[in-house]
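Using full-length UniProt numbering, read the sequence shown as starting at 1 and increasing by one per residue.
First comes the structure, then the notes that go with it.
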Amino acid sequence: MMAGEDADYIPSAALLPNDAEQVQELVRICNEYKVPIWTISTGKNLGYGSAAPGETGQVILDLHRMNRIINVDPEVCTALIEPGVTYQQLYDYIQEKGYKLWLDPPAPSAIAGPVGNTLDRGVGYTPYGEHFMFQCGMEVVLANGEMIRTGMGGIENSSSWQVFKWGYGPYIDGLFTQSNYGVVTKMGLWLMPEPPAYRPF
């Protein structure tokens with residue numbers, strides 16, 4: 001639902017890349033021809049944004065096909081995922097593997113994605129509720145099509161990309177939240193170890 005008339009939010013096209021390399025090419029082309037992009041991950045980040053573009057004529061860059069869970073490490077409680085992964089998909093994967101890990105989804109939407117929700121500075125209802133505080137490392141396509149990795153991901157073959165967020169030099173991850181400075185194609189998350197006991201209220 002948008003504030004205003006539907007005619008104010010009609011996209012000129014929708015682009016559905018399958019991987020980060022296709023995102024790079026699409027962003028380069030849009031940049032060259034000065035075509036504005038409206039990026040969505042799952043398109044279901046209820047309460048924080050919309051799949052409809054901010055204004056008529058923008059191209060929707062729909063990343064829902066990029067839905068791979070690249071890694072979940074049950075020892076250090078981390079995950080590396082693509083933007084099309086939903087909370088439900090990540091939860092199902094963790095359950096299937098038998099890992100003793102918890103997620104912190106926004107209520108009530110398991111169909112939303114951790115990447116989109118984190119970039120919109122979404123919140124949940126556990127001690128990990130401020131989602132941006134518990135992301136660790138991003139792969140980002142910039143407007144010129146160049147790809148960067150933040151934190152320890154900037155080091156080739158780093159084994160601590162999702163473990164230590166600060167890396168070398170300035171911490172820039174916040175630039176990519178609630179902004180259009182880049183398209184996030186991978187994100188690291190800190191997951192919560194399952195407590196020995198809990199009581200919901």
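Using N, Cα and C, we set each Cβ at its ideal position, and we do this for glycine too.
According to DSSP, glycine 145 shares a beta bridge with no other residue.
Contact between glycine 43 and arginine 65 fails: their C-beta atoms lie close to 11 angstroms from each other, not under 8 angstroms. Rounded to the nearest whole angstrom, the CA to CA distance from valine 35 to tyrosine 9 is 15 angstroms. Here glycine 137 is near threonine 150, since their CB atoms are less than 7 angstroms apart. In the structure shown, glycine 137 adopts extended strand secondary structure according to DSSP, grouped into three states.
Restricted to the region 70-129, the beta strand (DSSP E) segments that are unbroken, complete and at least 3 residues in length are 78-81, listed in chain order. The three-state reading of DSSP puts glycine 154 in helix, counting H, G and I together. For isoleucine 40, no alpha helix (DSSP H) run applies; the uninterrupted beta strand (DSSP E) run containing it begins and ends at 37-40, by DSSP. Setting aside the 5 residues that flank it on each side, phenylalanine 134 is surrounded in the same chain by Tyr128, Trp190, each with a C-beta closer than 6 angstroms to its C-beta; the list follows chain order. Straight through space, the alpha carbons of leucine 101 and methionine 192 are spaced by roughly 6 angstroms.
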